[in-house]
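Engineer:
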Amino acid sequence: MKGRIYYGERTKIGYARVSSKTQNVYRQIKDLNEYSYDKICIDIDIASGRNFERPEYQKVKQKIRFDAELIIHSLSRFGRNKEEILKEWKKIIELKARYWNISKRHFTVHHLHL
1291 MKGRIYYGER TKIGYARVSS KTQNVYRQIK DLNEYSYDKI CIDIDIASGR NFERPEYQKV
1351 KQKIRFDAEL IIHSLSRFGR NKEEILKEWK KIIELKARYW NISKRHFTVH HLHL
């Protein structure tokens, strides 16, 4: 499964990633939907987390703007490389977007806990 799953009008940005087709992305989708009380669009990649050159993540980046909320299941689903995660995170902060890590029930605007 690759692409987008829409659950009505897009009010928040959800992102899910698995490394291979043999991994199950449905747990992430279920958790993202249960966590968000608002309608959410979830972009899904089946790709390695070693860098951020993933098709659906590139689309997510285009949607992130001031006061948007990027919701991910966990940092391990966002990426694997700490330096790459920090670079991406700085870009999100510059846009004044919000970030939710639902596995830690953690919300932040200004900093990232790794």
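Using my numbering, the letters of the sequence shown correspond one by one to residues 1291 to 1404. Heads up, the beta-carbon is just placed ideally off N, CA and C, and yes, glycines get one too. No experiment lies behind these values; they were computed from the predicted model shown.
For Lys1349, which option in Tyr1316, Asp1335, Lys1386 has the closest C-alpha, if you only look at C-alpha atoms?
Structural biologist: Taking the first residue of the sequence shown as position 1, residue 1349 is located at position 59. The residue with the shortest Cα to Cα distance from Lys1349 is Asp1335.
Engineer: Please report how far the alpha carbon of Ile1375 lies from the alpha carbon of Arg1344, in whole angstroms.
Structural biologist: Counted from its first residue, the sequence shown places residue 1375 at position 85. Counted from its first residue, the sequence shown places residue 1344 at position 54. Answer to the nearest angstrom: the Cα atoms are 13 Å apart.
Engineer: Would you kindly report the start and end of the unbroken beta strand (DSSP E) that includes His1362?
Structural biologist: Your numbering for residue 1362 matches position 72 in the sequence shown. First, the residue type needs correcting, since residue 1362 is Ile and not His in the sequence shown. Looking at the DSSP string, the run of the beta strand (DSSP E) that includes Ile1362 is 1359-1362.
Engineer: Starting from Arg1307, trace the beta strand (DSSP E) both ways and give me its first and last residue.
Structural biologist: For this step, residue 1307 is matched to residue 17 along the sequence shown. It spans 1303-1308 - the beta strand (DSSP E) in which Arg1307 sits, taken as one unbroken run.
Engineer: Touch check for the region 1349-1358 and the region 1311-1329: three-plus C-beta pairs under 8 Å?
Structural biologist: With a cut-off of 8 Å, the region 1311-1329 and the region 1349-1358 do not count as touching, because too few Cβ pairs lie within range.
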